[in-house]
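Colleague: Here it is: the structure, laid out below.
Chains as they are written, first to last, in the working numbering: chain A, 2 to 283; chain B, 2 to 283.
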């Protein structure tokens, strides 16, 4: 692991590092914010998963999360959104919604994607082990959240790994990738035509299949241009309602899909996770 | 004036607009954040001047200022850092510290710069008039702040226009452009070789020449790579001390020149200006 940049921020440390990711077969960049409390001892850790086209850096620069992480004494890890590098295949036409920057947090099974696009395993196993080994975090005290494709990824990680995360939250998540154009394009390429294999990566399907309850918070902007066709938050409401899964799903009038929306509510989400982590320990 | 984007942020409006800037002989972009209080009536306005290479957008995306602007009920205007467009001359070698993105907030007098590079007049006259005409602001209740080259610009604007701004503040400002490489390059090209003409754009010279007191706050990171050669905060301390000009100049251990530094203290600066504006009215 090589630290490529470090900046002091809200009396903590904003770090960016590079490492050889065995799961993905490529070098990866990842960012982590360590709050000032980490100087005195290990702190809980939140994982942030970003949306389509993002790297590990968008969140770091635009969300304004460091202030709240410093306030609550939590680290925030923000990984990249796909494998990277000259050897990693991309969409043949360079589309922004598939391939590089659009890994959808799955383990691809179809060629040529299956050799590198294994973001699910990377996030479930390799990255947390690296973070635990290299940084002063309480690896077992963690939560996960994300935006759009990353909101999808965060919910899938949490719903498929009961007991691992104290809580999960999402901004404008893709709640049912098997039923929207972005998701259908990605899953059909990464996983092939058998839609049964898609269900393990579809939050609505996981909840309908009886996923274990954990605290779930969703914020969705009402002026989000992707709401009707891609995000379809109502499908999550329906799945939760049908399954008796308790979720706090909030519609925010006037807000769109941008980081201005994320910045406006990131403090609420970080407080939500900090409280869930504290409660889960008690 | 044409609004090119609008995003809801902390219950206010983050706007970007384009207008034909007569002073500069080109079209300009400018951003403004209107806090939620502006829905009920006009609000005070802060002007933020950015540093080398920035446009009007860096501050909008990276400073995390909207939260504090919403808290204190102030608008923040962030203009671009130079004239722009195909007709505007740039450094022949495309240097990042001169020409486009590096107007230094002066009125150039030398060809070919003098036809467009008139950022001082743009900020002193044209832009405030436009803001007052188009947005719900109390134009007379204003303060100004900035970063690096923009910290220089903010201090020069405030020191040369007594009574106009309730307060001024700066992050890592160029305090003596006549005595540092960035400033010497820019001023010699924009203003010519007669160094007497440079003094009107040099904060230390203006203070030494008896500028009128106003509240002045400066934050300077101790780990800033540009401190020793370019920023030379000690020259400002000396000028203030020699002239009896009261300033709050703070060194922040470990902080560098980046927006991570700005984000960490932007809340303090916005509170400082809000209080100064409130006090100046009382």
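Beta carbons are placed, not taken as given, at the ideal position from N, Cα and C, and that holds for glycine.
Please read all numbers here as calculations on a predicted model, not as lab measurements.
Mind checking if residue 149/A is an interface residue toward chain B, Cβ cutoff 8 Å exclusive?
Modeller: no
Colleague: Could you list the residues in the segment 3 to 28 of chain B with a C-beta less than 7 Å from some C-beta on chain A, going in chain order?
Modeller: 8, 9, 10, 11, 15
Colleague: Please confirm whether residue 67/A has its beta-carbon closer than 8 Å to some beta-carbon of chain B.
Modeller: yes
Colleague: Using a Cβ-Cβ distance cut-off of 8 Å, determine whether residue 63/B contacts chain A.
Modeller: Yes, its Cβ sits closer than 8 Å to a Cβ of chain A.
Colleague: So residue 272/B and residue 118/B are in contact, right, with Cβ under 8 Å, and what is the actual spacing, rounded?
Modeller: Not really, about 34 Å apart at Cβ, beyond 8 Å.
Colleague: Closer than 9 Å between beta carbons: that is the criterion. Which residues of the segment 240 to 263 of chain B meet it against chain A?
Modeller: Those residues of the segment 240 to 263 of chain B that come within reach of chain A (Cβ to Cβ, closer than 9 Å) are 253, 254, 255, 256, 257, 259, 260, 261, 262.
Colleague: Strictly below 8 Å CB to CB, what residues from chain B border residue 170/A?
Modeller: The premise fails here: residue 170/A is roughly 19 Å from chain B at the closest Cβ pair, so nothing lies under 8 Å.
Colleague: So, with DSSP's three-state summary, where would you put residue 121/A?
Modeller: helix
Colleague: At the level of alpha carbons, what is the spacing between residue 252/A and residue 126/B?
Modeller: 42 Å
Colleague: Note down, in chain order, each residue of its chain lying with its Cβ closer than 8 Å to the Cβ of residue 187/B, except the 5 sequence neighbours on either side.
Modeller: 98, 99, 103, 105, 107, 178
Colleague: Return the first residue and the last residue of the beta strand (DSSP E) that residue 141/A is part of.
Modeller: 138 to 148
Colleague: Hey, residue 208/A and residue 64/A are a contact pair by Cβ (cut 8 Å); roughly how many whole angstroms apart?
Modeller: The Cβ separation is near 26 Å, so there is no contact.
Colleague: Residues of chain A with CB under 8 Å from residue 224/B, in chain order?
Modeller: 9
Colleague: Of the residues that make up the segment 204 to 228 of chain A, which ones have a beta carbon closer than 8 Å to any beta carbon in chain B?
Modeller: Within the segment 204 to 228 of chain A, those residues whose Cβ lies closer than 8 Å to any Cβ of chain B are, in chain order, 222, 224.
Colleague: Taking 8 Å as the CB-CB limit, is residue 265/B close to chain A?
Modeller: Residue-level contact check: residue 265/B touches chain A, since one or more beta carbons of chain A fall below 8 Å from its beta carbon.
Colleague: If you count every other CB in all the chains shown that lies within 10 Å of the CB of residue 231/B, and 16 or more means buried, which is it?
Modeller: buried
Colleague: Determine the contact status of residue 180/A and residue 221/A, defining contact as a CB-CB distance below 8 Å.
Modeller: no
Colleague: Residue 132/A bridges to which residues according to DSSP?
Modeller: Bridge partners of residue 132/A: none, in fact.
Colleague: Comparing C-alpha positions only, which one of 216/A, 193/A, 122/A, 131/A sits nearest to residue 167/A?
Modeller: The candidate whose alpha carbon is nearest that of residue 167/A is 216/A.
Colleague: Tell me residue 44/A's beta-bridge partners as DSSP assigns them.
Modeller: 138/A
Colleague: Who does residue 16/A pair with in a DSSP beta bridge?
Modeller: 7/A, 33/A
Colleague: Among residues of its own chain, excluding the 5 on either side of residue 3/B, which ones have a beta-carbon nearer than 8 Å to its beta-carbon?
Modeller: 18, 19, 20.
Colleague: Which stretch, first to last residue, makes up the beta strand (DSSP E) that contains residue 172/B?
Modeller: 169 to 172
Colleague: Which residues in the same chain have their Cβ closer than 6 Å to the Cβ of residue 154/A, if we skip the five residues on either side of it in sequence?
Modeller: 50, 106, 147
Colleague: Run through the segment 38 to 91 of chain A for me and flag every whole alpha helix (DSSP H) of 4 or more residues, listed as ranges in chain order.
Modeller: 58 to 63, 67 to 73
Colleague: Applying the 10 Å Cβ sphere with the 16-neighbour rule, what's the burial state of residue 226/A?
Modeller: exposed
Colleague: In this structure, what does DSSP give as the bridge partners for residue 27/B?
Modeller: 22/B
Colleague: Any chance the segment 74 to 85 of chain A sits against the segment 37 to 48 of chain A, with 3 or more Cβ pairs inside 8 Å?
Modeller: Contact between the segment 74 to 85 of chain A and the segment 37 to 48 of chain A is present: three or more C-beta pairs spanning the two stretches fall below 8 Å.
Colleague: DSSP three-state label for residue 208/B, please.
Modeller: helix
Colleague: Report yes if the C-beta distance between residue 53/B and residue 149/B is below 8 Å; otherwise report no.
Modeller: yes
Colleague: Among residues of its own chain, excluding the 5 on either side of residue 250/B, which ones have a beta-carbon nearer than 6 Å to its beta-carbon?
Modeller: 219, 238
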